[in-house]
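Number of protein chains: 4
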Amino acid sequence: MKERTKRLSLAPLLISNTKTNYRPMKPTTLKTPLVLVNLKCYTESIGNGAHRIARAAREVSDESGITIALAPLYMDIHPIIHHYDIPVFAQHVDPVEPGAHTGRMPLPAIKSAGAIGSLVNHSEYRLSVADIEKNVTALRQAQMLSCVCSNNVATTKALAALGPDYVAIEPPELIGGKISVSEANPEIITGSVDAVRNINSSVKVLTGAGIHSGTCVKTAVELGTEGVLLASSVVKAEDPAAILRDLVSLL
Amino acid sequence: MKERTKRLSLAPLLISNTKTNYRPMKPTTLKTPLVLVNLKCYTESIGNGAHRIARAAREVSDESGITIALAPLYMDIHPIIHHYDIPVFAQHVDPVEPGAHTGRMPLPAIKSAGAIGSLVNHSEYRLSVADIEKNVTALRQAQMLSCVCSNNVATTKALAALGPDYVAIEPPELIGGKISVSEANPEIITGSVDAVRNINSSVKVLTGAGIHSGTCVKTAVELGTEGVLLASSVVKAEDPAAILRDLVSLL
Amino acid sequence: MKERTKRLSLAPLLISNTKTNYRPMKPTTLKTPLVLVNLKCYTESIGNGAHRIARAAREVSDESGITIALAPLYMDIHPIIHHYDIPVFAQHVDPVEPGAHTGRMPLPAIKSAGAIGSLVNHSEYRLSVADIEKNVTALRQAQMLSCVCSNNVATTKALAALGPDYVAIEPPELIGGKISVSEANPEIITGSVDAVRNINSSVKVLTGAGIHSGTCVKTAVELGTEGVLLASSVVKAEDPAAILRDLVSLL
Amino acid sequence: MKERTKRLSLAPLLISNTKTNYRPMKPTTLKTPLVLVNLKCYTESIGNGAHRIARAAREVSDESGITIALAPLYMDIHPIIHHYDIPVFAQHVDPVEPGAHTGRMPLPAIKSAGAIGSLVNHSEYRLSVADIEKNVTALRQAQMLSCVCSNNVATTKALAALGPDYVAIEPPELIGGKISVSEANPEIITGSVDAVRNINSSVKVLTGAGIHSGTCVKTAVELGTEGVLLASSVVKAEDPAAILRDLVSLL
Chain A
1 MKERTKRLSL APLLISNTKT NYRPMKPTTL KTPLVLVNLK CYTESIGNGA
51 HRIARAAREV SDESGITIAL APLYMDIHPI IHHYDIPVFA QHVDPVEPGA
101 HTGRMPLPAI KSAGAIGSLV NHSEYRLSVA DIEKNVTALR QAQMLSCVCS
151 NNVATTKALA ALGPDYVAIE PPELIGGKIS VSEANPEIIT GSVDAVRNIN
201 SSVKVLTGAG IHSGTCVKTA VELGTEGVLL ASSVVKAEDP AAILRDLVSL
251 L
Chain B
1001 MKERTKRLSL APLLISNTKT NYRPMKPTTL KTPLVLVNLK CYTESIGNGA
1051 HRIARAAREV SDESGITIAL APLYMDIHPI IHHYDIPVFA QHVDPVEPGA
1101 HTGRMPLPAI KSAGAIGSLV NHSEYRLSVA DIEKNVTALR QAQMLSCVCS
1151 NNVATTKALA ALGPDYVAIE PPELIGGKIS VSEANPEIIT GSVDAVRNIN
1201 SSVKVLTGAG IHSGTCVKTA VELGTEGVLL ASSVVKAEDP AAILRDLVSL
1251 L
Chain C
2001 MKERTKRLSL APLLISNTKT NYRPMKPTTL KTPLVLVNLK CYTESIGNGA
2051 HRIARAAREV SDESGITIAL APLYMDIHPI IHHYDIPVFA QHVDPVEPGA
2101 HTGRMPLPAI KSAGAIGSLV NHSEYRLSVA DIEKNVTALR QAQMLSCVCS
2151 NNVATTKALA ALGPDYVAIE PPELIGGKIS VSEANPEIIT GSVDAVRNIN
2201 SSVKVLTGAG IHSGTCVKTA VELGTEGVLL ASSVVKAEDP AAILRDLVSL
2251 L
Chain D
3001 MKERTKRLSL APLLISNTKT NYRPMKPTTL KTPLVLVNLK CYTESIGNGA
3051 HRIARAAREV SDESGITIAL APLYMDIHPI IHHYDIPVFA QHVDPVEPGA
3101 HTGRMPLPAI KSAGAIGSLV NHSEYRLSVA DIEKNVTALR QAQMLSCVCS
3151 NNVATTKALA ALGPDYVAIE PPELIGGKIS VSEANPEIIT GSVDAVRNIN
3201 SSVKVLTGAG IHSGTCVKTA VELGTEGVLL ASSVVKAEDP AAILRDLVSL
3251 L
């Protein structure tokens, strides 16, 4: 997967892009393993910061062939798609139809900006089960990807039952830290992978929380998950490309 | 309640009450079928109104042998248990430990008042999945019953995966109306019953929303659920005992 | 004010109680200075704990003649009124009319239980301005007392403009601690007192956060406020009566 | 936007723009009267729709010299500023510092996108008083404009006490309708204008809710307010320029 020098367009990272045939086709799919970077709203990810990280993601993705997707602030969805040709998720989407909802973000707005999916129910933006189900269903109907965040084996199981594309397991106590969930609590990962297989085997599992090195990512994949969801270790890095390069180095 | 010849104690309505042996025992269980009346906070269920409904529930329960449980306002939990010896659920419990949480209601407070369980995630008080899971787990550990409310087949499935004692299906569009879910949409009930069986067969399903007659209750049981969750048709009735008598008449 | 031995009924603590004449009369008023103890939902204030604190409040109130009011959990409003004849506030009231609001607490429910008022907008249960205004207006119309919590001079000013009976200033960083606001930041108190005087001089100011001794209470009164709102130092005390006795000792 | 003879830059609409001197200068100010259009998230205001409305606003602003500002979705803040040189408000800003807040929108993000201010506490996105105060203060420190929404005279008074640049009065029952507040309830406007004058005369009042014609706008100004906040009548119009032209026609 290494040694590639040419700039990949978004197309090769997507197994199928089915914008033309709405209903019967499978929605957009991303190649496995997936490195999904949640930019949150750190000083380092606002404005030019987002471009800096997108540039790094483009570069390391080109070098390694590994899919690196970003979840930036709403205003950076379109610029990042447009300038860096990177798969972009929204960080959140509101479970409302377009209408009189001041300050909210309905699905057609993130789709129109170019997002191919959305995080749903991040531990920093919890939703009710009814709203998660609305979002997962609406994203599927719009042929977009849903990545629903869970916090333990039980909630992973519950959320897998809703049939999202991804469940990302992020034990809240590890988020933002330097201990990865795959080190601190591998059972939560293997338990979740097993539970998801029993409930709905088409749901992919991502390992989240505390991911900061190539070893974490390798372990995450070895434990049976199809990639990682991470944030601060990339966003707050002095050299995001160096960190991303390390993260994908053992895949 | 006047001429009752023998006053039932709470005990016969409970299959096992295991307050003495904390850990390994099964929690309190209610006899099937169950008629669970959510008093909400109608004018008719505040203060003396709650006593009026409790009296009716006691009377019809005595006559019929059917378990009728109530979910009153917090201040009526203890009086209803104490005066009418009726199984009482809280309408909500906050997923917090006792502490500095002004205006919140932690589990030990409803347990200390005598509740044997709690509604969780009612459509009028939605919680995040993480909080539902906390509540279900905490209620189980306290040997109390959890009755988690869902709104469609998909969310029923998700919530059953958390292993509560009951899932009550209440399509929001039918709540408070005169069309019962068993008439309007029996597929949501049978679909939920099937889904729950596949996910966790120890979870019991209740039919909610629009239940107003003995026929509704009979259909609910015939569709495979173990009782009903209802509110306005009893609470707002001129004669709650007459309505309750009708509700249990075909069981 | 000391040396009184006889048990006071609630009446002498209330300057006017106007249940009989609804409209034109002034609502219930409490004698100044006021010591208002928020029981929150600590292990020490659930169930029997609430009675223990109520007994202490009754005792110290009788000895000193100082009004000590309590804000217990909902289920303890009526028992405390009934057994200890103490002025009781709810910790929160929901800005809804009685109706289909599972798990919520409308004003008539706390009034029916015997509360003479309610805390509103505690820092642990923030409300929107529209909802605070609804609550303040509804409490006034029901001739009950509103005690709205603020967190700095600016919000004190804003909340005083709504015309509640009390504004209690509780800088969030001091809540639950051992440094009282009157020591840490007397300017916030004097600034608030001045601001309130300019906006609506009929609003009384209480000093909250970190109050733990007679000196704190004395300072609070000297800075121009009409009492204190406190919680943990009484609730978590081994001997609540001893603490309460110290709190009122320099008045 | 094609044949406009002279393209106005943003500068003439702003009385002072003080990006260069941070502290002592007055923040950005808009010329009075102000027509502020909240695009909400209607189908008509997502993606190209936002450009269509921005073009109309640019055109009518050029023709009439009246300041027309827009509050679009987050992703349209920068494109609208950039392509149409129109003063842009965010519809909401989260009262958080930049950091680990997935899906939230801190002030520096909207500022970096080019917004000159933000709506705060719209009736469709209510905030606590503490959070409104944080937002108003943070916007002032960033030399941006705050437009806080209120729903009646009492809340207008409370919110004016926080010293925002604008308070926009929108009785919830009139939002989205065809009856303007200035017709339905002129007393709420005159009462608010008086109340604001007494509390903080530097706060400007906008008339909101139901504004749909030049007469509404004229009345709003005659009642003492400095402009209007409106949404659906422009956003859902077949020809937004025609509606805007009518709205400013009697000024």
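Chains as they are written, first to last, in my numbering: chain A, 1 to 251; chain B, 1001 to 1251; chain C, 2001 to 2251; chain D, 3001 to 3251.
Where is the CB? At the ideal position from N, CA and C, for every residue including glycine.
Counting only runs that start and end inside the segment 191-231 of chain A, the alpha helix (DSSP H) elements of at least 4 residues fall at 214-222. Against Y1125 of chain B, the close residues of chain C are T2102, G2103, in the order they occur along the chain (beta-carbon pairs closer than 7 Å). Counting the other Cβ atoms within 10 Å of the Cβ of H82 of chain A gives fewer than 16, which makes it exposed. Between the C-alpha atoms of H3212 of chain D and T2155 of chain C there is a straight-line separation of about 34 Å.
Annotation: the segment 1083-1158 of chain B contains the following complete segments of the beta strand (DSSP E) (minimum length 3 residues), in chain order: 1117-1120, 1145-1150.
Excluding five sequence positions before and after A100 of chain A, none of the CB atoms of its chain fall closer than 6 Å to its own CB. From the beta-carbon of E1133 of chain B, the residues of chain A found nearer than 9 Å are N151, N152, A154, T155, A158. In the three-state reduction of the DSSP assignment, V2248 of chain C falls in the coil class, being assigned neither a helical nor a strand state. Comparing alpha carbon positions, the residue from A:K236, A:S118, A:G177 closest to I77 of chain A is A:S118.
Against H2092 of chain C, the close residues of chain B are T1102, G1103, R1104, in the order they occur along the chain (beta-carbon pairs closer than 9 Å). Secondary-structure assignment with DSSP links A2071 of chain C through a beta bridge to C:N2038.
The beta carbon of N3038 of chain D sits closer than 8 Å to some beta carbon of chain A.
Residues of chain A with a Cβ closer than 9 Å to the Cβ of N1121 of chain B are, in chain order, S128, V129, A130.
Listed as beta-bridge partners of I3169 of chain D by DSSP are D:S3150, D:T3207. For S64 of chain A, the uninterrupted alpha helix (DSSP H) run begins and ends at 48-64, by DSSP.
Residues of the same chain with a CB within less than 8 Å of the CB of D1246 of chain B, apart from the 5 flanking positions on each side, are S1213, G1214 in chain order. Of all residues in the segment 3062-3079 of chain D, the ones placed with a Cβ closer than 9 Å to any Cβ belonging to chain A are A3071, L3073, Y3074, M3075, D3076, I3077, H3078, P3079, in chain order.
Looking only at A:R52, A:V88, A:T190, the smallest Cα-Cα distance to I68 of chain A is reached by A:V88.
Using beta-carbon distances, I3086 of chain D does not count as an interface residue toward chain C, since no partner is under 8 Å. For I189 of chain A, not one C-beta of chain B is nearer than 8 Å to its own C-beta. Burial state of G3065 of chain D is exposed, judged by a 10 Å Cβ sphere holding fewer than 16 other Cβ atoms. T28 of chain A sits in coil when the DSSP states are folded into three classes, being neither helix nor strand.
Between the alpha carbons of P164 of chain A and I132 of chain A lies a distance of about 9 Å.
In the structure shown, A3242 of chain D falls within a helical segment according to DSSP collapsed to helix, strand and coil. Think of a sphere of 7 Å around the beta carbon of L2162 of chain C: the chain D residues whose beta carbon falls inside it are A3154, A3158, in chain order.
Put simply, the segment 1183-1203 of chain B touches the segment 1165-1173 of chain B. At least three CB pairs are less than 8 Å apart. Note on geometry: alpha-carbon atoms of S2045 of chain C and I2086 of chain C lie some 16 Å from one another. Secondary structure of L1162 of chain B (DSSP, three-state): coil. A3138 of chain D has its alpha-carbon roughly 35 Å from the corresponding atom of A242 of chain A. DSSP, reduced to helix, strand and coil, places A2184 of chain C within a helical segment of the structure shown. The beta carbon of G2208 of chain C sits closer than 8 Å to the beta carbons of C2149, A2168, I2169, E2170, I2175, V2181, V2228, L2229, L2230 from its chain, once the five residues preceding and following it are set aside; these are given in chain order. Taking C-beta atoms as the reference points, V3235 of chain D and I3053 of chain D count as a pair closer than 8 Å. Pairing L3070 of chain D with V3037 of chain D gives a Cβ-Cβ distance under 8 Å. Only buried fits Q3091 of chain D, as 16 or more other CB atoms lie within 10 angstroms of its CB.
Distances from the CA of D239 of chain A to each of A:E63, A:L159, A:G49 were compared; the closest alpha carbon is that of A:G49. Residue contact with chain D for I2179 of chain C: absent (no Cβ-Cβ distance below 8 Å to any residue of chain D).
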